[in-house]
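Only one structure is covered here, and it is reproduced in the block below.
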Amino acid sequence: MLDGWARRKLDPALDRLAAGLASAGISANAVTLASFAIGMAAAATIAAGHLATGLVLILVSRLGDGLDGAVARIRGKTDLGGYLDILLDFFFYGAIPLGFAVADPQANALPAAALIFSFYVNGASFLAFSVLAERRKLSTLARGEKSIFFTTGLAEATETLAVFVAFCLLPGWFAVIAYPFAAVCLYTALSRIILAVRQFG
């Protein structure tokens, strides 16, 4: 829901950073892989109980996630780059709740499982819609130029990042935050299913 607003605020700064990376010969895929590694380090750090460090790593990882697309726009987009971007994003989104579950299984395992389940359903609805949209030659610029068709929704990257930040700042409220956001993700998936019925039915 907030991704469009966030893009308008952040894209000018990201474009300037991306220009420097591109001129240094750094590829978009290299930025994607580095961001993924930092994201996995964030999950491991959170699992070890170091939430402040985990929070910093999450923010750096998501900065890289925005930068890779900006670098790709300068150096040229590739199908592999688009594939890696979406695939490794899903790794990241599952790893952070898992890190909290490992850190405190008794308090966090069930809400983390519910959240990861909602991510799974939401992601499946997103990717399945994208496949059919590609088959029908549909296009959208609602979230800028992307490698695959992006359907908007109530729960997007900006909202997910805000939730992960809240987990780090308020770890005792993990379940209180996770369950409602899981419901938001499932609502987003349901709205996308309804859209698919109308679009493809």
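Counting along the sequence shown from 1, when you hit position 180 you're at 180 in the UniProt record's numbering, and nothing is skipped either side.
Heads up, the beta-carbon is just placed ideally off N, CA and C, and yes, glycines get one too.
Minimum Cα-Cα distance from L195 among the listed residues A133, A24, G20 and G66 corresponds to A133. Restricted to the region 64-132, not a single beta strand (DSSP E) segment is unbroken, complete and at least 3 residues in length. Put simply, the backbone Cα of Q199 is about 44 Å away from that of A24.
Put simply, the region 100-113 does not touch the region 70-77. Fewer than three CB pairs are less than 8 Å apart. The three-state reading of DSSP puts L138 in coil, since its state is none of H, G, I, E or B. Setting aside the 5 residues that flank it on each side, V184 is surrounded in the same chain by L154 and A155, each with a C-beta closer than 7 Å to its C-beta; the list follows chain order.
A157 sits in a helix when the DSSP states are folded into three classes. In this structure the region 51-63 does not lie against the region 76-83, because fewer than three pairs of beta carbons, one per stretch, are closer than 8 Å.
For P97, the number of other beta carbons within 10 angstroms of its own is at least 16, and it is reported as buried. Here DSSP, grouped into helix, strand and coil, assigns S27 to coil.
A residue is called buried once 16 or more other Cβ atoms fall within 10 Å of its Cβ, and R192 is buried on that count. Judged by DSSP secondary structure, L170 falls outside any alpha helix (DSSP H); it is assigned neither H nor E.
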